[in-house]
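As structure tokens, the structure follows; a few thoughts come after it.
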Amino acid sequence: MSTVAWITTRGLLGRRRFLLLLPLPILMVGIALIPRFNGINASDWTQPVIVALGFTTLLPIVALIVGTGVLGAEIDDGTITHILSKPLARWRIVVPKLLVAIGVTAATAAVPFYIVGALASGPRLGLGLIVGSTVGAVLYSTIFVALSLISRRPVLLGLVYVIVWEGLLSNLVSGTRVLSVQQYALTIADKASSSPLLSGNVSFTVAVVMSIVVAVGFLALAIRRLESFSVTGETS
Amino acid sequence: MSSPAGVIHDIGYQRYDGERLGRGDTFLALYSQSLRTVFGLGRSFKAKIFPWLVVAVVAIVGIVVMAIRSQTGEVVLTYAMFPQVLSTLLVLFVAIAAPELVSRDLHSGVLPLYFSRPLRPADYAMAKLAALVTGIVLVFGGGQILVFIGAAFSVKGFGNVMNELADMGLGIIYTALYALVFGSIAVLIASLLKRRAVAAAAIVGSFLVTAPIVGVLSILPSESVRELAGLVNPVSLVSGVGDWLFEPSNEAGFGVGSFGPLYALVTIGLIAACATLLVTRYRKVSQS
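Protein chains in written order, with full-length UniProt numbering: chain F, 1 to 236; chain A, 1 to 288.
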């Protein structure tokens with residue numbers, strides 16, 4: 001089990017495109033410094049920085065690049081065959097890869113979220129945001145790993161989901177909020193920090209229950225898809 | 001072994017005696033093929049799903065606006081606002097099309113084959129960019145034409161129809177400005193990344209990330225900083241130019257103040273910079 005995780009980590013961090021993940025967190029911290037040192041009330045800038053930049057952009061985009069990179073990249077260039085031909089149960093391939101994706105995403109998100117939270121009101125908000133962003137990392141990673149097993153173009157499908165569903169609908173139409181990962185993460189971060197700066201749009205119970213449902217559901221789907229995965233030499 | 005070491009034998013292949021087309025024709029061929037690629041024409045069904053999804057949504061929006069206009073006479077969306085309201089779809093469209101146009105050639109390593117023809121690096125870059133810009137104008141300008149058709153049948157008198165036509169013309173020129181800005185940024189980003197998937201994510205990331213920066217800058221106390229905030233994000237940059245051109249007296253909400261000409265200047269500079277970098281990037285490939 002650890003070998004798969006080790007190979008995945010090396011494949012993920014050893015490539016040049018891992019550097020693509022760095023600008024986003026740096027930008028988030030940098031942009032929080034501007035209003036912080038201009039003496040602007042924290043309640044005015046937490047919405048654009050923490051919600052719009054953090055939960056709507058940074059978290060899903062990082063999770064998308066990492067989540068589709070751990071499995072989708074190998075399916076894409078055909079090297080998945082090497083792992084599939086080993087005497088390993090398929091869930092022993094999915095689970096370590098998913099854990100690596102969650103770990104990398106959560107670590108990339110936790111640092112800027114903590115710094116921004118600490119800048120806004122103090123360590124309590126920072127820790128609360130770490131909890132929220134980690135929940136978000138778990139859910140998004142599970143969804144995108146499953147997506148890379150469902151579709152041949154997981155990144156485009158993921159982008160459509162992130163932009164249209166999470167970005168547009170869950171902010172405009174209140175009905176879809178109950179089915180939005182971003183709202184679960186926000187609500188849980190709100191509960192964990194009990195800060196007046198954040199306000200969740202769904203109830204805490206809904207957020208926790210739905211998070212578990214989404215995580216377990218997409219994990220089961222991913223395992224199921226890899227169990228019936230057939231290697232095809234397809235070009236499109 | 002008296003014969004020299006390297007000999008080219010004539011093994012009887014048929015010779016080509018026809019006319020050899022030059023650089024201009026190669027450019028046109030590459031442009032038309034690239035335009036087909038934008039919509040996935042001549043490719044499998046899978047390559048058509050995403051571009052035509054965007055086309056369908058734009059068409060639906062156009063038809064809904066047209067229907068509201070002809071039923072109630074109310075203008076819900078002016079021509080100039082059309083690309084601005086649909087800018088999220090525009091980002092999605094360039095993220096789908098640009099990697100398909102340039103990252104694919106990088107991934108399969110066929111660029112040396114292109115450059116062994118009378119095609120110059122600048123031609124390749126410009127053909128790809130022109131194809132993407134044309135694609136965007138076709139899709140979003142098409143939506144505006146749908147709105148115009150609805151309007152033309154609901155307004156009274158020939159003069160009013162001509163007014164609508166003039167408005168639509170301006171709207172399409174504005175769409176072309178969006179297309180140039182978004183297209184040049186997207187092709188530049190995609191030309192640096194081999195994997196289509198990563199390129200798509202990078203394009204969307206670069207557009208989405210800059211939007212909250214505008215949000216942060218626009219709450220700062222200084223008025224000039226607020227008015228200049230829009231320069232950071234491509235969407236608000238072009239909409240700033242639109243505010244300056246179409247609504248000079250716009251006071252409410254997000255105004256550009258007296259910085260309208262600066263917005264236009266930055267827009268032109270951005271397009272020029274992206275195009276220059278793109279050409280430079282391919283000049284490097286052709287030398288290696």
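Backbone N, C-alpha and C fix where the C-beta goes; we use that ideal spot for every residue, glycine too. Computed from a predicted model, the values in this text were never measured in an experiment.
Using a Cβ-Cβ cut-off of 8 Å, Ile136 (chain A) does not count as an interface residue toward chain F, since no Cβ of chain F sits closer than that to its own. At least one beta carbon of chain F lies nearer than 8 Å to the beta carbon of Ile96 (chain A). Against chain F, the CB of Thr88 (chain A) has a partner CB under 8 Å away; the residue lies at that interface. Listed along the chain, the chain F residues whose CB falls inside 9 Å of the CB of Phe246 (chain A) amount to none; the nearest CB is some 24 Å away. Rounded to the nearest whole angstrom, the CA to CA distance from Ile93 (chain F) to Pro221 (chain A) is 53 Å.
For the set A:Thr175, A:Phe148, A:Ala176, the Cα lying nearest the Cα of Glu164 (chain A) is the one of A:Phe148. Comparing alpha carbon positions, the residue from A:Leu193, A:Leu192, A:Ala201, A:Val235 closest to Ile213 (chain A) is A:Val235. Residues of chain A with a Cβ closer than 9 Å to the Cβ of Leu20 (chain F) are, in chain order, Leu193, Val198, Ala201, Ala202, Gly205.
Counting only residues of its own chain and dropping the five nearest sequence neighbours on each side, Glu74 (chain A) has a CB closer than 8 Å to the CB of Ile68.
The stretch 41-59 of chain A makes contact with the stretch 77-91 of chain A; the number of CB pairs closer than 8 Å reaches 3 or more. Of the residues assessed, Thr72 (chain A) falls on the exposed side of the cut-off, its CB having fewer than 16 other CB atoms within 10 angstroms.
With a beta-carbon spacing of about 24 Å, Leu21 (chain F) and Leu125 (chain F) fall beyond the 8 Å limit used to define contacts. Its Cα nearest to that of Ser258 (chain A), the residue A:Arg226 stands out among A:Leu188, A:Gly205, A:Arg226, A:Asp105. In chain order, Arg153, Leu156, Val160 make up the part of chain F whose C-beta sits under 8 Å from the C-beta of Phe50 (chain A).
Against chain A, a Cβ distance below 8 Å from Ile65 (chain F) picks out Val198, Ala201. Bounds of the alpha helix (DSSP H) holding Leu132 (chain A) are 121-136. With the rule of 3 Cβ pairs closer than 8 Å, the stretch 137-150 of chain F counts as touching the stretch 83-102 of chain F.
The residue from A:Leu208, A:Arg36, A:Lys194 with its alpha-carbon nearest to that of Ala130 (chain A) is A:Arg36. The distance from the Cβ of Pro112 (chain F) to that of Val29 (chain F) is about 5 Å, consistent with a contact at the 8 Å cut-off.
Per the C-alpha coordinates, the member of F:Ile188, F:Ser230, F:Gly200, F:Leu226 positioned closest to Ala137 (chain F) is F:Ile188. Considering only F:Ser203, F:Val178, F:Ser195, F:Leu226, the residue with the shortest C-alpha distance to Val214 (chain F) is F:Val178.
In the structure shown, Thr78 (chain A) falls within a coil segment according to DSSP collapsed to helix, strand and coil.
The C-alpha of Ala152 (chain A) is placed about 9 Å away from the C-alpha of Phe158 (chain A). Among the residues facing chain F, Gly62 (chain A) is not included, as its CB has no counterpart in that chain under 8 Å away. Boundaries of the alpha helix (DSSP H) harbouring Trp52 (chain A): 45-72, taken from the DSSP string. Apart from the 5 residues on each side of it in sequence, Ala211 (chain A) sits with its Cβ closer than 6 Å to the Cβ of Asn233 in its chain, given in chain order. Residue range 158-190 is occupied by the alpha helix (DSSP H) that includes Asn163 (chain A). When DSSP states are grouped into helix, strand and coil, Lys194 (chain A) belongs to the coil group.
Between Val104 (chain F) and Val216 (chain A) the beta-carbon gap is near 27 Å, outside 8 Å, which marks them as no contact. Going by C-alpha positions, Ile61 (chain F) is about 28 Å away from Leu84 (chain F).
In the same chain as Gly183 (chain A), and ignoring 5 residues on each side of it, the C-beta atoms closer than 8 Å to its own belong to Val94, Ala98, Leu129, Leu132, Val133, Ile136, in chain order. The stretch 257-275 of chain A makes no contact with the stretch 195-202 of chain A, as fewer than three CB pairs between them are under 8 Å.
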